[in-house]
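*Asks:* Here you go, one structure.
Protein chains: 2
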Amino acid sequence: MSSTDIFQNETIKEILEHYRVIWALGHASSLMGWDSETYMPKQAYMDRGTASSELSVLSRKLLLDENFLAKLDKAKDMMDDLNEYERGVVRVLDRAVKIYRALPEDLIREMAIAREEARVHWVQARYKSDFNIFKPYLERNINLSRKAAEYLGYEEDRYDALLDLFEEGLTYRKAKSILDQVASQVKPIFEKVYNEELFPSKHTLEDVKYDIEAMKKVNKEVLDLLNYPWERARLDVSAHPFTTGISLDDVRITTRYEGYDFRRTLYSVLHEYGHALYDLQIDPNFKYTPLEGGASLGIHESQSRFWENIIGRSREFTSILKPILDKHLDFTAKYDEEELYKYFNIVRPTFIRVDSDQLTYDFHIILRFRMEHMFINGELTVDDAPETWNNMMEEFLGIRPKKDSEGILQDIHWSIGLMGYFPTYTLGNILSAQISRVLEKELGKISNLILEKRFTDIQEFLKEKIHRYGGMYKPEELIRKATGEGINPSYYIEYLRNKFLSP
Amino acid sequence: MSSTDIFQNETIKEILEHYRVIWALGHASSLMGWDSETYMPKQAYMDRGTASSELSVLSRKLLLDENFLAKLDKAKDMMDDLNEYERGVVRVLDRAVKIYRALPEDLIREMAIAREEARVHWVQARYKSDFNIFKPYLERNINLSRKAAEYLGYEEDRYDALLDLFEEGLTYRKAKSILDQVASQVKPIFEKVYNEELFPSKHTLEDVKYDIEAMKKVNKEVLDLLNYPWERARLDVSAHPFTTGISLDDVRITTRYEGYDFRRTLYSVLHEYGHALYDLQIDPNFKYTPLEGGASLGIHESQSRFWENIIGRSREFTSILKPILDKHLDFTAKYDEEELYKYFNIVRPTFIRVDSDQLTYDFHIILRFRMEHMFINGELTVDDAPETWNNMMEEFLGIRPKKDSEGILQDIHWSIGLMGYFPTYTLGNILSAQISRVLEKELGKISNLILEKRFTDIQEFLKEKIHRYGGMYKPEELIRKATGEGINPSYYIEYLRNKFLSP
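Sequences listed follow chains L and U, in order.
Just so you know, we're using my numbering here: the first sequence kicks off at 140 and counts up by one.
Just so you know, we're using my numbering here: the second sequence kicks off at 140 and counts up by one.
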């Protein structure tokens with residue numbers, strides 16, 4: 140099958156023809172984003188910012204072009220005549236158009252400026268650990284998000300409008316039910332593991348320094364092991380690890396090298412690899428179309444968590460990693476597989492979300508989810524926010540940040556206006572386990588697959604069930620297609636219980 | 140002064156406002172070009188090609204937008220009320236509009252496709268050293284160039300239309316007169332130097348291998364010596380060295396590391412540094428405007444040749460280079476400054492233009508110039524072209540290529556439709572000497588400036604005389620402003636005579 144086979148309808152063909160330049164602008168913007176985090180000379184940030192915002196305004200204009208909208212309307216009137224691929228194109232574009240149309244250009248511009256200012260002040264505030272520097276900008280971002288939510292519209296809860304932006308179809312009610320289940324059932328697991336030290340709460344390897352060039356070789360060899368296609372993909376260095384899909388044949392991940400505690404860089408690579416694999420396995424017929432992206436942030440995150448945690452932090456993967464580590468690092472030989480496994484699975488409450496383990500991670504998310512909901516509904520002021528943050532940390536994890544930099548100032552998200560984004564991280568965790576269960580039903584135990592290095596089989600499974608569909612289906616629909624049911628946290632909880640209570 | 144001070148006219152302000160998105164597209168395209176030669180995964184070339192061509196079509200559309208053209212017409216009607224900066228904006232845009240308007244969209248698309256096909260076949264033809272593979276594509280490119288010339292219009296010679304594309308205002312008559320002078324006067328210099336071995340025709344250092352990491356340090360330290368502003372600029376690796384101005388605060392050069400004959404990578408760096416310095420010293424008030432680029436290819440090349448040859452290949456610069464080389468390379472210590480100077484200035488005829496020395500370089504250009512003129516005027520068929528090439532090589536340099544890969548197939552230019560480009564290389568050589576003369580008048584002998592490491596003074600001079608003006612003036616006007624006369628090859632010939640006849 141080629142893209143000429145799957146897109147047959149004349150109106151759809153015209154739509155895709157027009158869309159190609161919007162795709163090209165997205166391609167350019169992705170590259171610009173990647174470059175600004177990797178190789179761009181420092182002083183170019185202003186020029187890059189100007190170029191990016193010009194291109195995004197232009198892209199919006201082309202998406203809301205009247206001729207284009209007329210064609211899209213025409214396509215919407217003949218949905219029954221379209222095949223599934225074509226319907227996917229209409230669905231994705233219609234959703235984008237609705238969002239862009241709902242938000243007035245002035246508001247978009249105001250938000251862009253507010254974000255840039257807030258980000259700059261957040262950096263400063265975090266550096267000085269002084270929430271007051273960030274406070275007025277956070278307040279403005281919250282107000283703008285509330286305004287955006289009003290324009291976007293919602294049925295039950297104002298926060299729904301924002302959740303839907305990041306995870307199509309997600310509502311506060313649904314998210315709350317899922318997150319509450321996770322919180323109530325993971326809490327006793329965490330407490331037992333931590334109190335009885337079933338997994339260590341610290342490890343000597345955390346302080347061991349590594350040679351960065353040697354570690355780069357480890358990361359490269361791990362990616363080789365997972366068949367990372369270097370002719371279509373890259374690994375670079377950035378301050379914060381990320382993945383960019385620049386095109387279906389150009390996907391780039393990054394990691395960082397702090398020089399000690401090597402699991403940090405290694406598991407960043409595995410995490411980003413999961414994102415990259417998704418993008419790399421999307422149906423090549425979707426090239427240059429709106430279906431080129433993944434189905435949602437939550438589903439994307441499920442893929443990164445799958446490779447980082449379910450595969451990567453398993454005992455079996457540790458045994459495969461060991462010879463690679465021993466080959467390049469001069470200090471791992473004296474630790475056996477079991478020791479490494481423990482080091483990779485240290486369990487302890489941490490202030491910082493991105494440093495947290497599998498048992499505490501979701502509490503960081505639930506905290507932010509609750510605060511966002513209160514912010515957006517006017518039930519929490521920015522004045523009270525640090526105190527609320529710290530109280531919840533104490534409630535969930537029994538630790539209380541002593542300074543705002545380890546508390547409310549730690550994440551970039553609120554500074555750049557990402558309210559409603561955090562829950563997708565926990566959705567990803569949940570889905571990674573839900574998908575694993577189907578995988579085990581079809582291919583047998585993951586532990587065996589890993590030991591037999593059947594990574595190609597795992598990749599094929601993920602491609603067939605999830606990746607190849609790109610943005611064709613709504614996230615809920617895709618999850619149902621792939622797993623036979625809607626999102627269900629019980630597999631995730633079961634996975635955590637099995638892993639951590641029988642160490 | 141700020142850009143709000145220099146652009147005061149309301150119509151100009153509106154024009155610049157509209158232009159900013161065209162600038163942003165140029166910014167994105169430059170980055171995409173840089174990336175595709177440096178870091179892009181191989182298999183992404185198709186997607187990158189699609190994106191680039193979409194953005195260039197879009198850019199043309201925005202430039203030829205009716206509202207924009209109306210404003211430009213309005214501005215053209217009030218040239219007397221505009222200041223010099225504003226007139227520069229109108230001039231540059233008007234020229235771009237005229238070119239884009241003259242060429243029908245169908246022809247542009249046809250040329251783009253023809254180029255891509257020709258380039259692919261050129262790569263293959265060169266690899267197999269078989270001109271027949273490339274011949275039909277070269278023929279089509281020539282025909283398309285002729286067609287373009289007809290659309291663009293000319294007064295005397297069809298080739299004029301193409302020359303003007305690359306060097307505003309250049310004509311065949313002018314170029315011929317200049318190049319003939321160079322040819323006739325450099326020939327006896329070359330012959331004397333080569334026959335009497337005033338400079339060596341080969342050197343043992345050509346075969347000496349270097350450690351690439353060590354050589355990278357040399358290149359970096361040489362750029363440090365020249366105050367290369369790393370916070371606004373980069374040095375990377377690519378198959379063919381080049382410079383990209385992505386924005387006024389983001390200029391990137393590349394070099395290559397073959398692993399032997401270290402002068403090749405070193406002088407590539409100095410050459411590209413000259414281009415980069417030009418872009419880096421353009422008036423920052425020109426940011427995001429059509430004045431952001433240099434005045435012409437010839438003037439740009441004068442800057443690269445100045446740093447590569449007039450500074451870089453001087454005896455004095457060798458003495459400054461020596462300690463840097465000795466610090467990082469383990470084989471240079473046993474060669475004294477004079478030996479290094481000779482190695483950097485080997486004189487011998489070569490088949491390959493980019494490998495040629497200062498005395499033979501221009502003959503490579505004159506050959507191509509003559510052939511292009513004949514191609515465009517239907518006086519030379521592609522069938523006869525290799526023979527003509529080889530005959531001229533024999534006539535000029537006394538050597539005859541034995542295979543087409545060292546003859547007519549060596550350059551990428553004709554494969555990507557660049558006909559009329561080559562003469563700008565020799566213009567650059569000529570202008571580098573013409574500008575040097577003014578510099579010496581104002582600051583004293585270059586040899587002393589180098590010995591005293593007064594590179595900042597040299598940079599300031601170039602900024603004041605040339606760089607800061609960006610695209611404000613026509614090349615001829617700028618040359619006249621900077622040197623007090625039109626382009627004059629006699630300084631260049633004098634420079635070559637002095638340098639090579641009194642070694």
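All C-beta atoms, glycine included, are put in the ideal place defined by N, C-alpha and C.
Computed from a predicted structure; not experimentally measured.
Just the C-alpha distance for residue 637 of chain L and residue 327 of chain L, rounded to the nearest angstrom, thanks.
*Replies:* For the purposes of this step, residue 637 of chain L is identified with residue 498 of the first sequence, where counting begins at 1. For the purposes of this step, residue 327 of chain L is identified with residue 188 of the first sequence, where counting begins at 1. Each residue's CA atom was taken as its position, placing residue 637 of chain L and residue 327 of chain L some 13 Å apart.
*Asks:* For residue 443 of chain L, count the other beta carbons within 10 Å of its own beta carbon; 16 or more makes it buried, fewer makes it exposed. Which is it?
*Replies:* Position 304 of the first sequence, counted from the first residue, corresponds to residue 443 of chain L. By the neighbour-count rule (16 or more Cβ atoms within 10 Å), residue 443 of chain L is buried.
*Asks:* Using beta carbons (cut-off 8 Å, strictly below), is residue 276 of chain L in contact with chain U?
*Replies:* Stepping through the first sequence from its first residue, residue 276 of chain L is reached at position 137. Not one chain U Cβ lies under 8 Å of residue 276 of chain L.
*Asks:* Are residue 431 of chain U and residue 438 of chain U touching if we call contact CB-CB under 8 Å?
*Replies:* The residue given as residue 431 of chain U occupies position 292 in the second sequence. The residue given as residue 438 of chain U occupies position 299 in the second sequence. Contact flag unset, no.
*Asks:* Report the residues of the segment 353 to 365 of chain L with a CB closer than 8 Å to any CB of chain U, ordered along the chain.
*Replies:* none
*Asks:* Per DSSP, which residues does residue 389 of chain U bridge with? Please list them.
*Replies:* If you number the second sequence from 1, residue 389 of chain U lands on position 250. Answer is U:386, bridged to residue 389 of chain U.
*Asks:* In the DSSP assignment, what residue or residues form a beta bridge with residue 394 of chain L?
*Replies:* Residue numbering aside, residue 394 of chain L sits at position 255 when the first sequence is read from its first letter. Looking at the DSSP assignment, residue 394 of chain L forms a beta bridge with L:376.
*Asks:* Once the 5 residues before and after residue 83 of chain L are set aside, which same chain residues still bring their CB inside 6 Å of it?
*Replies:* Residue coverage of chain L in this structure runs from 140 to 642, which leaves residue 83 of chain L outside it and unanswerable.
*Asks:* Can you find at least 3 beta carbon pairs, one from the segment 180 to 190 of chain U and one from the segment 187 to 195 of chain L, that sit closer than 8 Å?
*Replies:* No, the segment 180 to 190 of chain U does not touch the segment 187 to 195 of chain L.
*Asks:* Using a Cβ cut-off of 7 Å, pull out every chain U residue sitting near residue 215 of chain L, in sequence order please.
*Replies:* The residue you call residue 215 of chain L lines up with position 76 of the first sequence. Within chain U, no residue comes near residue 215 of chain L; the closest Cβ sits about 25 Å away, beyond 7 Å.
*Asks:* Using a 10 Å radius around the Cβ and a threshold of 16 neighbouring Cβ atoms, would you call residue 482 of chain L buried or exposed?
*Replies:* Working through the first sequence from its first residue, we reach residue 482 of chain L at position 343. When all chains shown are included, residue 482 of chain L counts as buried.
*Asks:* At 4 residues or longer, and completely inside the segment 437 to 485 of chain U: list those alpha helix (DSSP H) runs for me, N to C.
*Replies:* 454 to 467 and 476 to 483
*Asks:* What does residue 189 of chain L reach in chain U if we use C-beta pairs closer than 9 Å?
*Replies:* What you label residue 189 of chain L is simply residue 50 of the first sequence in a count that begins at 1. Per Cβ cutoff of 9 Å: 159, 162, 163, 166, 386, 426 and 427.
*Asks:* As a quick exercise: from L:221, L:274, L:210 and L:286, pick the residue whose alpha carbon is nearest that of residue 243 of chain L.
*Replies:* The residue labelled residue 243 of chain L in the question sits at position 104 within the first sequence. Closest by alpha carbon: L:286.
*Asks:* Provide the residue(s) that pair with residue 158 of chain L in DSSP beta bridges, ordered along the chain.
*Replies:* Within the first sequence, the letter at position 19 stands for residue 158 of chain L. None, per the DSSP bridge assignment.
*Asks:* Answer with buried or exposed for residue 558 of chain L, where buried requires no fewer than 16 other C-beta atoms within 10 angstroms of its C-beta.
*Replies:* Within the first sequence, residue 558 of chain L is the residue found at index 419, counting from 1. Its Cβ being crowded by 16 or more others within 10 Å, residue 558 of chain L is buried.
*Asks:* Are the C-beta atoms of residue 389 of chain L and some chain U residue less than 8 Å apart?
*Replies:* Here residue 389 of chain L refers to the residue found at position 250 when the first sequence is read from its first residue. It does; some Cβ of chain U falls within 8 Å.
*Asks:* Under 7 Å Cβ to Cβ from residue 149 of chain L, same chain only, skipping five residues before and after it: list those, please.
*Replies:* Numbered from its first residue, the first sequence carries residue 149 of chain L at position 10. The same chain holds no residue with a CB closer than 7 Å to that of residue 149 of chain L once the five nearest residues on each side in sequence are set aside.
*Asks:* In this structure, does DSSP put residue 542 of chain L in helix, strand or coil?
*Replies:* In the first sequence, the residue the question calls residue 542 of chain L occupies position 403. Of the three classes helix, strand and coil, the one that applies to residue 542 of chain L here is coil, per DSSP.
*Asks:* Inspect the CB distances between the segment 449 to 459 of chain L and the segment 402 to 411 of chain L and report whether three or more fall short of 8 Å.
*Replies:* yes
*Asks:* Name the DSSP beta bridge partners of residue 348 of chain U, please?
*Replies:* Numbered from its first residue, the second sequence carries residue 348 of chain U at position 209. Bridge partners of residue 348 of chain U: U:399.
*Asks:* For residue 176 of chain L, which residues of its own chain have a beta-carbon under 8 Å away from its beta-carbon, when the five flanking residues on both sides are left out?
*Replies:* Counted from its first residue, the first sequence places residue 176 of chain L at position 37. Only 377, 378, 379, 381 and 393 meet the Cβ criterion.
*Asks:* Answer with buried or exposed for residue 472 of chain U, where buried requires no fewer than 16 other C-beta atoms within 10 angstroms of its C-beta.
*Replies:* The residue labelled residue 472 of chain U in the question sits at position 333 within the second sequence. With fewer than 16 other Cβ atoms within 10 Å, it is exposed.
*Asks:* Spatial neighbours of residue 288 of chain L within its chain, please: CB distance less than 6 Å, with the 5 preceding and 5 following residues excluded, ordered by chain position.
*Replies:* Residue numbering aside, residue 288 of chain L sits at position 149 when the first sequence is read from its first letter. Excluding residues within five positions, the ones whose Cβ falls inside 6 Å are 297, 300 and 301.
*Asks:* What does a CB cutoff of less than 8 Å around residue 199 of chain L pick up in its chain, not counting 5 residues either side in sequence?
*Replies:* Taking the first residue of the first sequence as 1, we reach residue 199 of chain L at position 60. Excluding sequence neighbours, residue 199 of chain L sits near 239, 244 and 247.
*Asks:* Checking contacts by CB at 8 Å: is residue 171 of chain U closer than that to chain L?
*Replies:* Stepping through the second sequence from its first residue, residue 171 of chain U is reached at position 32. Taking Cβ atoms only, chain L reaches closer than 8 Å to residue 171 of chain U, which makes this a yes.
*Asks:* List, from N- to C-terminal side, the alpha helix (DSSP H) runs of 4 residues or more that fit wholly inside the segment 552 to 616 of chain U.
*Replies:* 562 to 582, 585 to 590 and 594 to 604
*Asks:* Between U:308, U:185, U:345 and U:211, which has its C-alpha nearest residue 626 of chain U's C-alpha?
*Replies:* By one-based count along the second sequence, residue 626 of chain U stands at place 487. Residue 626 of chain U has its Cα closest to that of U:308, out of U:308, U:185, U:345 and U:211.
*Asks:* If distances are taken between C-alpha atoms only, which option among U:194, U:509, U:278 and U:207 comes closest to residue 201 of chain L?
*Replies:* Numbered from 1 along the first sequence, position 62 holds the residue referred to as residue 201 of chain L. Measuring from the Cα of residue 201 of chain L, the nearest candidate turns out to be U:194.
*Asks:* Where does residue 357 of chain U land, buried or exposed, given buried means 16+ other C-beta within 10 angstroms?
*Replies:* Here residue 357 of chain U corresponds to residue number 218 of the second sequence, with the count starting at 1. Counting Cβ neighbours within 10 Å, residue 357 of chain U comes out buried, since at least 16 surround it.
*Asks:* Does the segment 454 to 461 of chain U come into contact with the segment 584 to 591 of chain U, if we say contact requires no fewer than three beta-carbon pairs (one atom in each stretch) closer than 8 Å?
*Replies:* yes
*Asks:* Mind the definition here: the segment 397 to 405 of chain L touches the segment 348 to 356 of chain L only if three or more C-beta pairs lie below 8 Å; say whether that holds.
*Replies:* yes
*Asks:* Given residue 480 of chain L, which residues of its chain have a CB within under 7 Å of its CB, disregarding the five upstream and five downstream residues?
*Replies:* On the first sequence, residue 480 of chain L is found 341 positions in, with the first residue counted as 1. Cβ within range, chain order: 454 and 457.
*Asks:* Measuring CA to CA, which of L:359, L:219, L:467 and L:282 is closest to residue 250 of chain L?
*Replies:* Here residue 250 of chain L corresponds to residue number 111 of the first sequence, with the count starting at 1. The shortest Cα separation from residue 250 of chain L among L:359, L:219, L:467 and L:282 belongs to L:282.
*Asks:* Can you list the alpha helix (DSSP H) stretches of 4 or more residues lying completely in the segment 232 to 300 of chain U, in chain order?
*Replies:* 244 to 267 and 270 to 291
*Asks:* Can at least three beta-carbon pairs, one atom from the segment 560 to 568 of chain L and one from the segment 486 to 504 of chain L, be found at a separation below 8 Å?
*Replies:* yes
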